[in-house]
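Residue numbers (our numbering): 50 to 196.
Glycine is no exception: its CB is placed at the ideal position from the N, C-alpha and C atoms.
Here's the structure, in structure tokens; my notes come after.
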Amino acid sequence: LSDLARFGSAGGAEAPTDSPPRLPGAKTVLLVDDSAFFRNLFMHGLRQRGYHVVVAEDAIKALDMAQKGLKIDAIVSDIEMPGLNGFDFALMVRSPQHPWAQLPMFALSTLSTPEAFERGRECGFTDYITKFDRDKLFDVLEQSLEL
50 LSDLARFGSA GGAEAPTDSP PRLPGAKTVL LVDDSAFFRN LFMHGLRQRG YHVVVAEDAI
110 KALDMAQKGL KIDAIVSDIE MPGLNGFDFA LMVRSPQHPW AQLPMFALST LSTPEAFERG
170 RECGFTDYIT KFDRDKLFDV LEQSLEL
């Protein structure tokens, strides 16, 4: 939570959608979240851990990136987003013909009910993490990508 206070001064500033140059060997994570605050918070933490981060402000933009051939190693997606929510996004990505169907995919949400966790598993998320448990996100990414 100390990170929340530190990043609270961002004042809703938009996270840049363009990433710095990819470091050799860095794994690419697609971060999908409609909240600029949480995009900035998680993008910063992921980059500090050596990930190349690509940002999509919503699931529709993320799907467009897939159609354009974006190569990634993992997906971290919010659940509550306008237009296409994270559950429906996961179902689309998990369809057999989707180019990202086999990638690790992590739900990131403030929804922490047993029903939300179960629905996340049913939709194909590899794991479901609350937004206030950043360390768990970093741990499961590391394990999934074998860093």
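Contact annotation: Leu190 and Ala123 have beta-carbon atoms nearer than 8 Å. Judged by DSSP secondary structure, Asp127 falls outside any alpha helix (DSSP H) and instead within the beta strand (DSSP E) spanning Ala123 to Asp127. Taking 8 Å as the cut-off, the Cβ atoms of Val103 and Leu79 count as close. For Ala139, the three-state secondary structure derived from DSSP is helix. Of all alpha-carbon atoms in Gly74, Lys185, Arg88 and Thr159, the one lying nearest the alpha-carbon of Tyr100 is that of Gly74. Closest by C-alpha distance to Pro163, out of Phe91, Pro153 and Tyr177, is Tyr177. Contact between Ile128 and Leu160 holds, with the beta-carbon distance rounding to 6 Å and staying under 8 Å. Bridge pairing for Ile178: Leu157 [DSSP]. Per DSSP, the unbroken alpha helix (DSSP H) holding His93 starts and ends at Ala85 to Gln97. Contact check for Phe138 and Ala111: beta-carbon distance about 7 Å, within the 8 Å limit, so the pair qualifies. Between Met154 and Cys172, the alpha-carbon positions lie close to 10 Å from each other.
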